[in-house]
């Protein structure tokens, strides 16, 4: 059984390599188009309505992605755009752990081999830090927010890949900081979405690889939180006691306790909430 699986994996690797090279060398691209079509069809099943039952399709897609990862040096953005688009279109939140790991491994290896796709791939990864709206669970105001275990595992895997890219791709830090800052939420379209995003950004900034982004990300988060604060009507908040404004204020407290807070202490005159005045007054005494 193991020998048969090894033989099948070897044959698949040869097939994928042949498809990629035929496209790169300008030869008959029939094999390449068949590969893209096959990935597209399996992806549709894996990320579709019956994703949980698609065990065989998930295994097949994992093997296809792993075969592509072994030959990332053959992949060019101008020649294999359809293949890259199909792989990056896989929904990381419903595809399962095996497919998730395979996709993230492919992206990291692709960027190490070809730095020209850093911006495109990072934009996709940053977008995937938050689940689609239908998967978000609306938290209760006043309660301590925690992401569902499965969603936390997916997000942690994406964060780890972003950290790996920071370490392995020299051009990644500047682009990643820009992408993360631009994706900061500014309105509460869904309360869970900002919580998920802030969790990811803060955790990434605390990794050794994210040290180069820390000041920039924390400044962007504080700006974002202040903008959100301005848009909220305080009388609409269920619990206005100090330290209990949802997870938002726990993140705010953590950020403002860092050196970045010094840049914002002059804003106390603009904040009407009495407990916020008290909080910032405490910072001035430190």
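Residue numbers (the numbering used here): 8 to 293.
Just so you know, even glycine gets a beta-carbon here, dropped at the ideal spot from N, CA and C.
With distances taken between CA atoms, residue 156 lies nearest to 100 out of 66, 36, 30 and 100. Going by C-alpha positions, residue 46 is about 31 angstroms away from residue 184. CA-to-CA, the gap between residue 118 and residue 36 works out to about 24 angstroms. Cβ-Cβ separation between residue 53 and residue 125: approximately 26 angstroms, too far for a contact (criterion under 8 angstroms). About 11 angstroms separates the beta carbon of residue 28 from that of residue 87, a gap too long to meet the 8 angstroms contact definition. With 16 or more other Cβ atoms inside 10 Å of its own Cβ, residue 182 counts as buried.
Between residue 210 and residue 172, the C-beta gap is not smaller than 8 angstroms, which leaves the two residues out of contact.
Nearest to residue 131 by C-alpha distance, out of 202, 50 and 98, is 98. Distances from the CA of residue 189 to each of 204, 80 and 145 were compared; the closest alpha carbon is that of 204. Secondary structure at residue 89: helix, using DSSP grouped into helix, strand and coil.
For residue 163, the enclosing alpha helix (DSSP H) starts and ends at 156-175.
Boundaries cannot be given for residue 97, as no alpha helix (DSSP H) includes it and DSSP labels it neither H nor E.
With contacts defined as CB atoms closer than 8 angstroms, residue 96 and residue 143 fail to qualify as a contacting pair. In the displayed model, residue 203 falls within a helix according to three-state DSSP.
Spanning the alpha carbons of residue 21 and residue 114 requires a straight line of approximately 20 angstroms. Taking each of 163, 207 and 192 in turn and checking the Cα distance to residue 230, the smallest one comes out for 192. For the 8 angstroms CB-CB criterion, residue 121 and residue 72 do not form a contact.
Apart from sequence neighbours up to five positions away, the residues of its chain that approach residue 42 with a beta-carbon distance below 6 angstroms are 26, ordered along the chain.
Excluding the 5 residues flanking it on each side, residue 68 has same chain C-beta neighbours closer than 8 angstroms at 46, 49, 50, 53, 97, 102, 106 and 109, in chain order.
Contact check for residue 212 and residue 221: beta-carbon distance about 5 angstroms, within the 8 angstroms limit, so the pair qualifies. For residue 51, the enclosing alpha helix (DSSP H) stretches over residues 37-53. Here residue 133 is not near residue 175, since their CB atoms are 8 angstroms or more apart. Residue 40 and residue 16 have their C-alpha atoms some 20 angstroms from each other.
CA-to-CA, the gap between residue 154 and residue 78 works out to about 36 angstroms.
Each of 65, 163 and 127 was checked against the Cα of residue 138, and the nearest Cα belongs to 163. Between residue 135 and residue 180, the C-beta gap is not smaller than 8 angstroms, which leaves the two residues out of contact. Taking C-beta separations shorter than 8 angstroms and ignoring five residues to either side along the sequence, the partners of residue 160 in its chain run 104, following chain order. Here residue 208 really is in contact with residue 224; their C-beta atoms are around 6 angstroms apart, less than 8 angstroms. Cβ neighbours of residue 55 within its own chain (closer than 8 angstroms, five residues either side excluded): 61.
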